[in-house]
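Peer 1: Here it is, the structure, as structure tokens.
Number of protein chains: 2
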Amino acid sequence: MAKQKRGKQSFVPEIPPVITAWASVAGKKESEGPLGHSFDIARTDTYFGQKTWEQAEKRMQQMALDTLVQKAGLSLENLDLVCSGDLLNQCISSSFPLRNTGIPHIGLYGACSTMAESLMLAAMAVGGGYADRVAAMTSSHFASSERQYRFPLGYGGQRTPTAQWTVTGSGAVLVCSEGKGPRIESATVGTVTDLGITDANNMGAAMAPAALATIKAHFDDLHTGPEDYDRIVTGDLGQFGKEMLLALARNEGLNLGGKLEDCGTLIFDRNKQDVHSGGSGCGCSAITLCAEFLPKLRTGKLKKILFCGTGALLSPTSTQQGLPIPGVCHAVCITGGI
Amino acid sequence: MAKQKRGKQSFVPEIPPVITAWASVAGKKESEGPLGHSFDIARTDTYFGQKTWEQAEKRMQQMALDTLVQKAGLSLENLDLVCSGDLLNQCISSSFPLRNTGIPHIGLYGACSTMAESLMLAAMAVGGGYADRVAAMTSSHFASSERQYRFPLGYGGQRTPTAQWTVTGSGAVLVCSEGKGPRIESATVGTVTDLGITDANNMGAAMAPAALATIKAHFDDLHTGPEDYDRIVTGDLGQFGKEMLLALARNEGLNLGGKLEDCGTLIFDRNKQDVHSGGSGCGCSAITLCAEFLPKLRTGKLKKILFCGTGALLSPTSTQQGLPIPGVCHAVCITGGI
Chain X
-8 MAKQKRGKQS
2 FVPEIPPVIT
12 AWASVAGKKE
22 SEGPLGHSFD
32 IARTDTYFGQ
42 KTWEQAEKRM
52 QQMALDTLVQ
62 KAGLSLENLD
72 LVCSGDLLNQ
82 CISSSFPLRN
92 TGIPHIGLYG
102 ACSTMAESLM
112 LAAMAVGGGY
122 ADRVAAMTSS
132 HFASSERQYR
142 FPLGYGGQRT
152 PTAQWTVTGS
162 GAVLVCSEGK
172 GPRIESATVG
182 TVTDLGITDA
192 NNMGAAMAPA
202 ALATIKAHFD
212 DLHTGPEDYD
222 RIVTGDLGQF
232 GKEMLLALAR
242 NEGLNLGGKL
252 EDCGTLIFDR
262 NKQDVHSGGS
272 GCGCSAITLC
282 AEFLPKLRTG
292 KLKKILFCGT
302 GALLSPTSTQ
312 QGLPIPGVCH
322 AVCITGGI
Chain S
-8 MAKQKRGKQS
2 FVPEIPPVIT
12 AWASVAGKKE
22 SEGPLGHSFD
32 IARTDTYFGQ
42 KTWEQAEKRM
52 QQMALDTLVQ
62 KAGLSLENLD
72 LVCSGDLLNQ
82 CISSSFPLRN
92 TGIPHIGLYG
102 ACSTMAESLM
112 LAAMAVGGGY
122 ADRVAAMTSS
132 HFASSERQYR
142 FPLGYGGQRT
152 PTAQWTVTGS
162 GAVLVCSEGK
172 GPRIESATVG
182 TVTDLGITDA
192 NNMGAAMAPA
202 ALATIKAHFD
212 DLHTGPEDYD
222 RIVTGDLGQF
232 GKEMLLALAR
242 NEGLNLGGKL
252 EDCGTLIFDR
262 NKQDVHSGGS
272 GCGCSAITLC
282 AEFLPKLRTG
292 KLKKILFCGT
302 GALLSPTSTQ
312 QGLPIPGVCH
322 AVCITGGI
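Dropping the structure here:
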């Protein structure tokens, strides 16, 4: 068996790649939430100085990448690779900011799982000896997502209780072959799970089974259990999906209670911010990881987390054609560093 | 520097991964073209037995994957990983066929460069010791692409001379840590190149500069030149883009004449098939690689090719907002095996 492979879906880099820096850019609503004080950049202008929401999203990724290299004391040309993706059609928020920068780019699509997917690939590239400095990056924008996936904002459609609020934000993480910081100890590649959920306003339900499948696969492959992690962090099931995951896990004799946190429930204050089931979008787990978990891993407040990016692999076309919503979840185990 | 990294954008696996099998599925027009006799599966039914074109595309990927494992004498559960992507919004043709198969999946978006991108990542996963058997896969469908990117087919829009015809097809390639077959010797990750082309009916012009940038980077990083390759295979610039690449290269003192072939010009007979500038779409380079080049590499008829997947990173939204079309090109060097 391949030497860095573990079990069916996981890998363990021989030399764990180091997360030496991270950067987060957040919108207005996010900066008014519980993590508001922790973002590197927060803006009240939904357009980020651009003419359209799609261009605002590109601008956020550009700001996140610039801030990342600045915080790392590097410049863009020091990056060996950027692994990034987003929710917009043809991933334009990810490719446009890299135009003519000369940075090698691998474009990804993993829906809201993309922060974990990009981190996993960055770890693979660094751990495999292909690159020394890789940026993993993603973004989402409430307004560009709403009009692409659901309704134009001006339509004023009623939101269901299970609906989630797409986060306006972008997160970027620098994964290196050496340096100081939290380390990527292992990762588990997700499988596409479909339990027949067809309600496009209930992403949590579509993603929870995928999250459980990957968490179980991770425990099996690495011979670990919930007790080995300080936190199991899903991103982003929302309140409804989180409860569903806890129940599904309990049904299989797995107790995630006390360990499970979900980025979708952390980023907004549901009582005050009218976000229904919580936050969602690639940017949600990206900026929550950067603002809440990586700092705590750096200081040693957290020793080990399993960061589980969850994505709903639907498109408006698949939904209109009556197809169910498959989910995917990629998991990355990050340990506290010095 | 990371031990498998070469130069700025390239990598050279210490043990070259082996391409042990491949499979191609093609539509009616493709099977009537010059490579028609070489596809594993050809169908005259545009719907591939499904109700919609989008579902037909998913069906093609399913058929390609099933054929691939069958030709390799394996079953689906023997695969460690599938790296795949496509052109449809949210890459539904790639994720849906893998539902509930239990195969780990990395979703990609590289527009029409995806066959090279997926091959490159498969080589990275196998060469890095993360996996032993990885399928790289992609697809496109003329009818699903036209209505998503351009106009509904029923509208009967006039096509410009530089327009290309999206190939209906899916290709899958099995990359392994051992076995017999062509080998992946090196790869070059592309950068996002934007020269300000805004004509969405002239993808060749948008992609040619990216192709040149990556080919030059590959030569620089590996200390090689056109004379070291039997063929430099772009996919898919079309006739117009191919001529543009030759001219751009000549301007920089690089003579690609006699070496350059383009999948978009090989797959159709432009004189008989009314495809204007040639073929395009992820499926174009995928099935041309599988039907034309990999068999010749296996028999030793070709010793070494540089397979350069080219993609135009536009979306209908970016075009409607007046933005230019960035291009990307990933290159994979494949040598003849036994």
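Chain order of the listed sequences is X and S. Under our numbering, the first residue of the first sequence is numbered -8, with each subsequent residue one higher. Under our numbering, the first residue of the second sequence is numbered -8, with each subsequent residue one higher. Beta carbons are placed, not taken as given, at the ideal position from N, Cα and C, and that holds for glycine.
#1: Leaving aside the five residues before and after Phe259(S) along the sequence, list all residues of the same chain whose C-beta is less than 8 Å from its C-beta, in chain order.
#2: Given a cut-off of 8 Å on the beta-carbon distance, is the pair Gln312(X) and Arg261(X) in contact?
#3: Just how far apart, CA to CA, sit Leu257(S) and Thr225(S)?
#4: Is the separation between the beta-carbon of Gln0(X) and that of Val180(X) shorter than 8 Å?
#5: Can you find a CB in chain X that lies within less than 8 Å of the CB of Ala(-7)(S)?
#6: Give me the DSSP bridge partner(s) of Pro95(X).
#7: Give the secondary structure of Leu213(X) by DSSP, where H, G and I count as helix, E and B as strand, and everything else as coil.
#8: Can you name the residues that DSSP bridges to Val60(S)?
#9: So is Ile97(X) in contact with chain S if we call contact Cβ pairs under 8 Å?
#10: From this set, Lys(-6)(S), Ala(-7)(S), Met(-8)(S), Phe2(S), which residue's C-alpha is nearest Asp212(S)'s C-alpha?
#11: If the criterion is Cβ atoms closer than 8 Å, does the pair Ala(-7)(X) and Gly120(S) meet it?
#12: Taking Cβ-Cβ distances below 9 Å as the criterion, which residues of the region 180 to 209 of chain X are in contact with chain S?
#13: Counting only beta-carbon atoms, is Asn91(S) nearer than 8 Å to chain X?
#14: What does Gln62(X) reach in chain S if we use C-beta pairs closer than 9 Å?
#15: Mind listing the chain X neighbours of Thr43(S)? Cutoff is C-beta to C-beta under 7 Å, in chain order.
#16: Near Leu89(S), which residues of its chain fall below 7 Å by C-beta distance, leaving aside the five closest residues on each side in sequence?
#17: Look at Leu203(S) and Leu228(S) and say whether their C-beta atoms are less than 8 Å apart.
#18: Which chain S residues sit within Cβ distance under 9 Å of Glu108(X)?
#19: Using the three-state DSSP reduction, which class does Phe259(S) fall into: helix, strand or coil?
#20: Cβ of Lys(-4)(S) less than 8 Å from any chain X Cβ?
#21: Check for me: the alpha helix (DSSP H) holding Gly229(X) runs from which residue to which?
#22: Alpha carbons only, please: which of Arg124(S), Val158(S), Ser309(S), Ala134(S) is nearest the one belonging to Ser66(S)?
#23: Assuming Thr290(X) and Gly318(X) form a contact by the criterion Cβ under 8 Å, report the distance between their Cβ atoms to the nearest whole angstrom.
#24: Is the shortest distance between the beta-carbon of Ile296(S) and the beta-carbons of chain X less than 8 Å?
#25: In chain order, what residues of the region 103 to 130 of chain X put their CB closer than 9 Å to some CB of chain S?
#26: Using the DSSP secondary-structure output, state which residues sit across from Ala277(X) in a beta bridge.
#27: Write down every uninterrupted run of the beta strand (DSSP E) in the region 141 to 208 of chain S whose length is 3 residues or greater and which is fully enclosed by it, in chain order.
#28: Using DSSP with H/G/I as helix, E/B as strand and the rest coil, what is Arg222(X)?
#29: Compute the beta-carbon to beta-carbon distance between Pro315(S) and Thr151(S), rounded to the nearest angstrom, for a pair I have assumed lies under 8 Å.
#30: Measure the C-alpha to C-alpha separation of Ala240(X) and Leu247(X) and round it to an integer number of angstroms.
#31: To the nearest angstrom, how far is the alpha carbon of Met128(X) from that of Ala113(X)?
#32: Taking its Cβ as the centre, do 16 or more other Cβ atoms sit within 10 Å of Ile6(X), making it buried, or is it exposed?
#33: For Phe298(S), which of helix, strand or coil comes out of DSSP?
#34: By how many angstroms is the C-alpha of Ile325(X) removed from the C-alpha of Ala217(X)?
#35: Just verifying my parser: in three-state terms, what is the DSSP assignment at Met(-8)(X)?
#36: With 7 Å as the limit, tell me which residues of the region -1 to 22 of chain X have their beta carbon closer than that to any beta carbon of chain S; keep them in chain order.
Peer 2: Taking the coordinates as given:
#1: Hits under 8 Å: Lys20, Glu21, Gly24, Pro25, Trp156, Val266, Gly269, Gly270.
#2: No; because the gap between Cβ atoms is not below 8 Å, this pair is not in contact.
#3: Leu257(S) and Thr225(S) have their alpha carbons spaced roughly 11 Å apart.
#4: Going by C-beta atoms, Gln0(X) is nearer than 8 Å to Val180(X).
#5: At least one chain X Cβ lies under 8 Å of Ala(-7)(S).
#6: Pro95(X) is bridged by DSSP to Thr182(S).
#7: Secondary structure at Leu213(X): helix, using DSSP grouped into helix, strand and coil.
#8: Looking at the DSSP assignment, Val60(S) forms no beta bridge with any residue, so it has no partner.
#9: Yes - at least one Cβ of chain S is within 8 Å of the one on Ile97(X).
#10: Among Lys(-6)(S), Ala(-7)(S), Met(-8)(S), Phe2(S), the Cα nearest to that of Asp212(S) belongs to Phe2(S).
#11: The Cβ atoms of Ala(-7)(X) and Gly120(S) sit closer than 8 Å to each other.
#12: Residues Val180, Gly181, Thr182, Val183, Thr184, Asp185, Leu186, Ala204, Ala208.
#13: Cβ-Cβ to chain X under 8 Å: yes for Asn91(S).
#14: A quick correction: the sequence has Lys, not Gln, at residue 62(X). Within 9 Å Cβ-Cβ: nothing; Lys62(X) doesn't reach chain S, min ~22 Å.
#15: Here the neighbours are Gln312.
#16: Excluding five sequence positions before and after Leu89(S), the CB atoms of its chain that fall closer than 7 Å to its own CB belong to Val73, His96, given in chain order.
#17: No, the Cβ-Cβ distance between Leu203(S) and Leu228(S) is not below 8 Å.
#18: Under a criterion of Cβ atoms nearer than 9 Å, the residues of chain S adjacent to Glu108(X) are, in order, Ile97, Gly98.
#19: When DSSP states are grouped into helix, strand and coil, Phe259(S) belongs to the coil group.
#20: Interface flag for Lys(-4)(S) against chain X is set, since a Cβ pair is found closer than 8 Å.
#21: 229 to 242 is the extent of the alpha helix (DSSP H) around Gly229(X).
#22: Distance from the Cα of Ser66(S) is smallest, within the candidate group Arg124(S), Val158(S), Ser309(S), Ala134(S), for Arg124(S).
#23: About 33 Å separates the two Cβ atoms, so there is no contact after all.
#24: Interface with chain X (8 Å Cβ-Cβ cutoff): Ile296(S) is excluded.
#25: Of all residues in the region 103 to 130 of chain X, Ser104, Thr105, Glu108, Met111, Leu112, Met115, Ala116, Val117, Gly118, Gly119, Gly120, Tyr121, Ala122, Asp123 have a Cβ within less than 9 Å of some Cβ in chain S.
#26: In the DSSP assignment, no residue is bridged to Ala277(X).
#27: Note on the region 141 to 208 of chain S: whole beta strand (DSSP E) runs with a minimum of 3 residues are 160 to 167, 174 to 179, in chain order.
#28: Three-state result, Arg222(X): strand.
#29: Not quite, the Cβ-Cβ distance comes to about 17 Å (not below 8 Å), so this is no contact.
#30: Going from the Cα of Ala240(X) to the Cα of Leu247(X) covers about 7 Å.
#31: Using only the alpha carbons, I get a separation of about 10 Å.
#32: Note on Ile6(X): under 16 other CB atoms within 10 angstroms of its CB, so exposed under the neighbour-count rule.
#33: Note: Phe298(S) maps to strand in three-state DSSP.
#34: Looking at the sequence shown, residue 217(X) is not Ala but Pro. Between Pro217(X) and Ile325(X), the C-alpha separation is close to 14 Å.
#35: Coil, per DSSP.
#36: When C-beta distances to chain S are compared with 7 Å, the residues of the region -1 to 22 of chain X below that value are Gln0, Phe2, in chain order.
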